[in-house]
Amino acid sequence: MRLNDNKVDFMSVRKIIIVREPPQCINPLGMESGAISDADITASSSFDSGNVGPRQSRLRTENHGGAWCPKDEITSEPREWLEIDLHSVHVITGTNTQGRFGNGLGVEYAEGYLLEYWRPRLGKWVRYRDIKGKEILKGNTNTYLENKHELDPPLWASKIRFFPYSNHRRTVCMRVELYGCLWTDGIVAYSMPQGDTRGNEWEFFDASYDGHWDGELRRGLGQLVDSKIGPDNFKMGYYDSARSQGWVAWRNDTRANEPIEIKFEFDTVREFAAVHLYCNNQFSRDVQVFSQVDVLFSIGGTYFSGEPIVYTYMEDKIFETSRNITIKLHHRVGKFIILRLHFSSKWIMLSEVIFDSDIAHGNFTPEEFVTTDLSSLPDEFFINNKNAVSDSELPVLTAQHDDPTYMAVVIGVLTAIILLLAVAIFFIVSRHRQRKCFASPVAVKVPSHLGSTCATVEKGAALMAYTLEEDEGRYAGGGTTSTLPRELDNRLLDLVKLDEYQEPYQALKYAPYYSYSTIIMEMKDMMLNNMGTGINYAAVPEVVTVPLLNPEGTFSTHEIPSSSVSSVSASDDQDIPLFPRHRLRMLSKLAEGAFGSVYVAEAEGIPEYGTNSNTLGKRLVAVKFLLPDASEKE
């Protein structure tokens, strides 16, 4: 698996790194509060175990004698100790000490002390040294004032011992407290080559490493996990001492350009989300971020046979600021991890390594070395592989190689999505045009016999649209009938006067209650000349008697005067019978004007067109409602 950093991490200028904030790891661990039990406090000896035994060594506590006092006097060669057992590995960031006040009777205190600590992976007691290499920590100057000391660097321990110290032989007594927090990162040790020197005065060693120093660093913890990061300029010195500058550095010419391997061991099998590495990038001084990192995982720690995660970093020769590099580990599982750092320049400088992980649940088996019995292989295997490259020369397939099949699938899916979107857009536009054509007042007023077929109604209801041929064949009187030329259809629509309200012609198919009036279409001379002579035009029937609802639930009628213009064919006005309101169900509004509204309704038991017989079926009809003051409007 290969990961790539294909752009410069400009956010690194802000020195982003996930570190353990000091305020989160300065809590008292329980000497004063009693969280540490008496059974966990022991000593090499006591002057009087009942009065000044180890259980009286709690800070700010005046029980019995008021402090722990060793049996022998203290010298510059300390032998007496007070031990505190924490049972699990903690990060110890500070200590606090007092002498024996004894309600004003005590005169004993320790001018100085040393610390030794132990944890399971070390397997030995280690003397603590601060960042300047000093072992003796400052103690008290009287019996009642406290002296709190911050440990820099911190230490990792499950057991810790206080050794009283004095330049002169004297009797001392102590009360103590520890500060820190539980070590939850899970790292119990890391192993790697020791850093190199640069010139005569710069030693880029892991000086705080507490494991074994025998050519390589083994079974210990040190500078890479102390939550402190080095400065951008490695020569400025993060610490006062020139012995440690906050960086561990390696140079490639002393290692034949081989990558640097750092092996981390954890307390148990863990599931890893990411690893953060804080690196220096002073390329003007031959220091750059690694070019590549290989991350290998193992359960047993001997064989790392799984597929490694390969992370490639593109070099940055613009900004020289130190930066945090985050590598996603995709929830891989292991108890041991190897980071293999490849050189990009002459030097690699590393200050901090932090893992994001959680304890993995389940049963895990250490890897085993798999051997292959060559005698069981056929002869053809060796013949066909004579010219094959060695294992070390085999190319490693990574995510950088383009897969043609994968690209073809992606292109096909994208093409299908684009086609579906195009079809959906076309369908939506078509539906929108149909609705707009139906709802437009112009579309309602245009006579249907001019070829308009826009008759879609809400809820699926449809009104019949007739062409000119059907109208003329049904209603034209005498003379020769003819249809309009198709090429004049659009021009005729523009010449029709639309200032008179006309009932949609489609309703006549379903309603036998009508009377006729005529509408004479005025056209320009050019139109009349083009159409020739001897052509009769069908008059468009218009419903002029409109039912209105009255309080009794039946319809009453108001007549509208018909046009005074002579018509080609007409019909005598007929009496419109009343239609029961309960047999009429309103469906939707068709149009609305200054004189009233037109609705689409469903009528039950209405006579067939041209007959007087009622049917049991339901039909769609057009219903016009006039406003009460419609007759007064102009």
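One rule links them: number in the working numbering = place in the sequence shown (from 1) + 12. Yeah, the Cβ is synthetic: ideal placement off N, Cα and C, and Gly gets one too.
What is the rounded straight-line gap between the Cα of W80 and the Cα of F376? 47 Å
Using three-state DSSP, classify H444 as helix, strand or coil. helix
Local conformation of L638 per DSSP, three classes: strand
Tell me the rounded alpha-carbon separation between R239 and V322. According to the sequence shown, residue 239 is Ser rather than Arg. S239 and V322: Cα-Cα distance of roughly 25 Å.
So G346 is in the beta strand (DSSP E); what residue range does that whole segment cover? R335 to H354
From the DSSP output, which residues share a beta bridge with G124? K150 and Y177
Short Cβ contact (7 Å threshold) for Y125 with P176: yes
Should T259 be labelled buried (16 or more other beta-carbon atoms within 10 Å of its own) or exposed? In the sequence on display, residue 259 carries Trp and not Thr. The residue in question, W259, is buried, as its Cβ has 16 or more Cβ neighbours within 10 Å.
Cβ neighbours of K347 in the same chain (closer than 6 Å, five flanking residues each side left out): F278, V281 and I311
Applying the 10 Å Cβ sphere with the 16-neighbour rule, what's the burial state of I143? buried
Whole-angstrom Cβ separation of T183 and G111, contact assumed at under 8 Å? Not a contact, Cβ separation roughly 11 Å.
Using the Cβ count rule (16 or more neighbours within 10 Å means buried), how would you classify F174? buried
Residue environment, S88, which counts as buried when at least 16 other CB atoms sit within 10 Å: exposed
Between S49, D50, I48 and G65, which has its C-alpha nearest S56's C-alpha? G65
Can you grab the Cα-Cα spacing for the pair E364 / G151, in whole Å? 32 Å
Identify which residue in F295, K636, K83 and L94 has its Cα closest to the Cα of R70. L94
Here's the rule: buried if 16 or more other CB atoms are within 10 angstroms of the residue's CB, otherwise exposed. What is Q36? exposed
Cβ shell of G207 (< 7 Å), same chain only, five flanking positions each side left out: F216, F217, D218, V260, A261 and W262
Alpha carbon to alpha carbon, what distance is there between T427 and W195? 54 Å
Return the CA-CA distance between R297 and P271, expressed in angstroms with no decimal places. 20 Å
Given that a residue counts as buried once 16 or more other Cβ atoms are within 10 Å of its Cβ, and exposed if not, what is H180? exposed
Please classify E189 as buried or exposed, where buried requires at least 16 neighbouring CB atoms within 10 angstroms. buried
A615, DSSP secondary structure in three states: strand
Enumerated in chain order, which unbroken segments of the beta strand (DSSP E) with a length of 3 residues or greater are wholly contained in the region 192 to 254? 199 to 205, 224 to 226 and 228 to 232
Which same chain residues end up closer than 6 Å to L98 when comparing Cβ atoms and leaving out the 5 residues on each side of it in sequence? S170
Buried/exposed call for H6, threshold 16 Cβ in 10 Å: For residue 6 there is no data in the structure shown, the boundaries of the chain being 13 and 646.
Candidates S609, A634, A615 and G629: which alpha carbon is nearest P640's? S609
Excluding the five sequence neighbours on either side, which residues of its own chain have a C-beta within less than 6 Å of the C-beta of G313, listed in chain order? F348
With a threshold of 7 Å on Cβ separation, who are the neighbours of A201 within its own chain once the five nearest residues in sequence on each side are excluded? R133, G223, R231, G232, L233 and E277
Grab me the residues of K42's own chain with a C-beta within less than 7 Å of its C-beta, minus the 5 sequence neighbours each way, in chain order. Before going further, note that residue 42 is Gly rather than Lys in the sequence given. Closer than 7 Å at the Cβ level, and outside the excluded window around G42, lie I48.
V425 by DSSP, collapsed to three states: which one? helix
Residue range of the alpha helix (DSSP H) that S100 falls in? Looking at the DSSP string, S100 is not in any alpha helix (DSSP H); the run it does join, the beta strand (DSSP E), is L94 to Q110.
Out of curiosity, what's the CA-to-CA distance linking P243 and R67? 44 Å
8 Å Cβ shell around E162 - same chain, five flanking residues per side excluded: T105 and G106
Can A285 and D197 be called in contact, C-beta distance under 7 Å? no
K247 and I350 - do their beta-carbons sit closer together than 7 Å? no
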